[in-house]
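Input: a single structure, listed below in structure tokens.
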Amino acid sequence: MPTAKLILDGKEYEFPVVVGTEHEVGIDIAQLRAKTGAITLDPGYGNTGSCQSAITFIDGERGILRYRGYPIEEIADKAAFSEVCYLLIYGHLPNQKEQEEWRRQLTTNSFIHEDMLKFFEGFPTNAHPMAILSAMVTSLSAYYPDTGNEDDANHNIIRLLAKAKTIAAFSYKKHVGEPMIYPRTDLSYAANILRMLFATPAEHYDVPEVAENALNLLLNLHADHEQNCSTSAVRMVGSSRANLFASVGAGICGLWGPLHGGANQEVLEMLEMIQKDNCDYKKYVKMAKDKASGFRLMGFGHRVYKNFDPRAKLLKKAADEVLSQLGVNDPLLDIAKSLEEIALHDDFFVQRKLYPNVDFYSGIIYRALGIPTDMFTVMFALGRLPGWIAQWKEMRDDPSTRIHRPRQIYIGECERHYVPIEKRGAHRPNEPRTEGAATLRAVAQQS
Ligand code: ACO
Numbered sequence: 271m272p273t274a275k276l277i278l279d280g281k282e283y284e285f286p287v288v289v290g291t292e293h294e295v296g297i298d299i300a301q302l303r304a305k306t307g308a309i310t311l312d313p314g315y316g317n318t319g320s321c322q323s324a325i326t327f328i329d330g331e332r333g334i335l336r337y338r339g340y341p342i343e344e345i346a347d348k349a350a351f352s353e354v355c356y357l358l359i360y361g362h363l364p365n366q367k368e369q370e371e372w373r374r375q376l377t378t379n380s381f382i383h384e385d386m387l388k389f390f391e392g393f394p395t396n397a398h399p400m401a402i403l404s405a406m407v408t409s410l411s412a413y414y415p416d417t418g419n420e421d422d423a424n425h426n427i428i429r430l431l432a433k434a435k436t437i438a439a440f441s442y443k444k445h446v447g448e449p450m451i452y453p454r455t456d457l458s459y460a461a462n463i464l465r466m467l468f469a470t471p472a473e474h475y476d477v478p479e480v481a482e483n484a485l486n487l488l489l490n491l492h493a494d495h496e497q498n499c500s501t502s503a504v505r506m507v508g509s510s511r512a513n514l515f516a517s518v519g520a521g522i523c524g525l526w527g528p529l530h531g532g533a534n535q536e537v538l539e540m541l542e543m544i545q546k547d548n549c550d551y552k553k554y555v556k557m558a559k560d561k562a563s564g565f566r567l568m569g570f571g572h573r574v575y576k577n578f579d580p581r582a583k584l585l586k587k588a589a590d591e592v593l594s595q596l597g598v599n600d601p602l603l604d605i606a607k608s609l610e611e612i613a614l615h616d617d618f619f620v621q622r623k624l625y626p627n628v629d630f631y632s633g634i635i636y637r638a639l640g641i642p643t644d645m646f647t648v649m650f651a652l653g654r655l656p657g658w659i660a661q662w663k664e665m666r667d668d669p670s671t672r673i674h675r676p677r678q679i680y681i682g683e684c685e686r687h688y689v690p691i692e693k694r695g696a697h698r699p700n701e702p703r704t705e706g707a708a709t710l711r712a713v714a715q716q717s
């Protein structure tokens, strides 16, 4: 068995090395503090494996993404989103019988408790739908408590998957002031979402097949992405044994931020801004390179992919196809392509290996489907649900799971003593006040 050696203060320590099925190597430092008294410092966790997982494999250098071993390119437009949910959560593709039963359960559980409709009345009309989604998903735990029983846990998984789309669509209807449309048990997951968003009680509405397929593809491409920010939030909260709804509620909040799932809304807003600015691409690329500007090229860059994000590749192709099949001519697609072209040939982006990510083209397809910009991140959340659930379940089922509790290196004041207010002098922030701060400076100067 391979091992890793660490020399600290001249003393040598040995640690086991864990090798994954795709030959990923990790140094198991579980005993580091016990053996050495030291901890690791890894801000942003770029080098830290928080768990061993059998769900999703990513090779960011080679642009590979696989769900339970299946390449994303093989399943993205072939599998129904409900099949992908089953695959991620239970580890294998459902057979015909399993799929029929799974779909039956996902549709019959789509309705939300009528009492929950009152919650929607309480939100302001201009509430961001992510605020509503996170609050409502967490609130499901008030109706369906975590009993610790496995059958109930499985039922809650189905309830969450089934009801989240209804909640998402209702939050949109609340926003536009239209009556809620109830789910239908005969439609696919994607078709149900579109119908609940766009049908009205006054007119007959058939979901266009091209729209259903496009949304199915988008959901599949977002279904899991291993230990990203929102998924880590789900695992972090779930590690305290918090229930599924509360844990996923935390994930939804994590996803909302503009550096994560919120980027899809930001991309569209950025493209609109460029359009209004007479397509002055150079100005925006220049601004993105200037750190002081605070502006980034949204939908570009990724912590893990240092090559094309395979999801972005598929979405770029799909954007062309879907827009042409729907007869939509969106100038934002051309703007996105031009911007990508310029960035991919710019030294700043080339050197940092910054490529378009999943959020770069997804918004253009959502827009072509008629989905408003502030619903984009909600659509991402619906897609990511099976991933969050699978990761939560994997963690829950693993008897070795411990509560997530990282450590820190303290850099604040050393011990000091309370001084009565009348004896306190003026606070001088730049004064070297403590031994701790002085030590830190000394260490920084040495290194
Ligand atoms: N535009 C301009 N510069 C960028 C961008 C960008 N979009 N992304 C990274 N950089 C630069 C950074 O300034 C940094 O430069 P430096 O080395 O000279 O300091 C370098 O590239 C590395 O960037 P970090 O922020 O350190 O990379 P990190 O891995 O921490 O962040 C992230 C990844 C958050 C995705 C980042 O690339 C970013 O902010 N992108 C824009 C937001 C976005 O699209 N988010 C969606 C990601 S996909 C998802 O979550 C579903």
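The opening position of the sequence shown corresponds to residue 271 in the working numbering, with each subsequent residue numbered one higher. Backbone N, C-alpha and C define an ideal beta-carbon position, used for all residues, glycine too. Here the structure is a predicted model, which is why all the values come from computation and not from measurement.
Quick one: using the 10 Å Cβ neighbour count with 16 as the cut-off for buried, is residue i buried or exposed?
i, result
"V620", "exposed"
"G519", "buried"
"Q322", "exposed"
"S517", "buried"
"S717", "The predicted model places S717 with a pLDDT of 42, which falls under 50 and marks its position as unreliable; any figure quoted below should be read in that light. Exposed is the call here."
"Q661", "buried"
"H227", "Residue 227 lies beyond the stretch modelled for the chain, which goes from 271 to 717, so this question has no answer here."
"I309", "exposed"
"C224", "No information on residue 224 is available, as it lies outside the stretch 271 to 717 that the chain covers here."
"I679", "exposed"
"D494", "buried"
"H572", "buried"
"P656", "buried"
"N513", "buried"
"K275", "exposed"
"L624", "buried"
"A426", "In the sequence as presented, Ala is not what sits at residue 426; that position holds Asn. Label assigned to N426: buried."
"P580", "buried"
"M271", "exposed"
"L710", "Only weak support is given to the placement of L710: the predicted model assigns it a pLDDT of 48, under 50, and the question is left unresolved by the model."
"K718", "Nothing can be reported for residue 718: it is not among the residues displayed for the chain, which extend from 271 to 717."
"A300", "exposed"
"R511", "exposed"
"V713", "Low confidence applies to V713: its pLDDT is 47, below 50, so where it sits in the model is not reliable enough to give any reading."
"S411", "buried"
"A687", "Sequence inspection shows His at residue 687; the Ala mentioned does not correspond to that position. So H687 ends up on the exposed side."
"E473", "exposed"
"G653", "buried"
"K693", "exposed"
"P626", "buried"
"A562", "exposed"
"E337", "Before going further, note that residue 337 is Tyr rather than Glu in the sequence given. Y337 should be labelled buried."
"G569", "buried"
"R373", "buried"
What is the C-beta distance between residue i and residue j, in whole angstroms, given that I count them as a contact (C-beta under 8 Å)?
i, j, result
"S632", "I522", "No, S632 and I522 are not in contact; Cβ-Cβ is about 17 Å, not under 8 Å."
"S441", "H674", "Not really, about 30 Å apart at Cβ, beyond 8 Å."
"Q497", "S320", "6 Å"
"V289", "L491", "Not really, about 29 Å apart at Cβ, beyond 8 Å."
"Q595", "V480", "5 Å"
"F630", "A696", "The pair is not a contact, with the Cβ atoms about 51 Å apart (cut-off 8 Å)."
"F327", "E292", "6 Å"
"E420", "S458", "Not quite, the Cβ-Cβ distance comes to about 28 Å (not below 8 Å), so this is no contact."
"G316", "N577", "So it is not a contact: roughly 17 Å between Cβ atoms."
"A651", "L467", "Rounded, the Cβ-Cβ distance is 15 Å, inconsistent with contact."
Taking the DSSP output, what are the residues bridged to residue i?
i, result
"F327", "R336"
"V288", "G296"
"E473", "T470"
"T273", "P286"
"P278", "Reading off the sequence, residue 278 comes out as Leu, not Pro. DSSP output for L278 lists K281 as bridge partner(s)."
"P341", "R336"
"R626", "Note that residue 626 is Pro in the sequence shown, not Arg. Note: P626 sits in a beta bridge opposite F570."
Please check if any C-beta of chain C sits within less than 8 Å of the C-beta of residue i.
i, result
"A401", "In summary, chain C is missing from the structure at hand, where a single protein chain is found."
Item to check | the stretch 448–466 touching the stretch 284–294, judged by at least three CB pairs closer than 8 Å | outcome: Flag = no, the stretch 448–466 and the stretch 284–294 do not touch.
Checklist entry - Would you call the stretch 375–387 and the stretch 487–504 in contact, with 3 or more CB pairs under 8 Å? => result Contact between the stretch 375–387 and the stretch 487–504 is absent: fewer than three C-beta pairs spanning the two stretches fall below 8 Å.
Checklist entry - Are there three or more Cβ pairs, one per stretch, closer than 8 Å when the stretch 606–616 is compared with the stretch 363–378? => result Inter-segment contact for the stretch 606–616 and the stretch 363–378 is absent: fewer than three beta-carbon pairs are separated by less than 8 Å.
Item to check | Inter-stretch contact (C-beta, 8 Å, three-pair minimum) for the stretch 643–651 and the stretch 523–538 | outcome: Counting Cβ pairs under 8 Å, three or more are found: they touch.
Next on the checklist: For the stretch 591–604 against the stretch 539–554, do three or more pairs of beta-carbon atoms, one drawn from each stretch, fall closer than 8 Å, so that the two count as touching?
Outcome noted: The stretch 591–604, when compared against the stretch 539–554, does touch it at the 8 Å Cβ threshold.
Next on the checklist: I want to know whether the stretch 339–354 touches the stretch 474–490 - three or more CB-CB distances under 8 Å.
Outcome noted: Between the stretch 339–354 and the stretch 474–490, the count of C-beta pairs closer than 8 Å reaches three or more; the two stretches touch.
Item to check | Contact the stretch 431–441 vs the stretch 397–413: 3+ CB pairs below 8 Å | outcome: Output reads yes: the stretch 397–413 touches the stretch 431–441.
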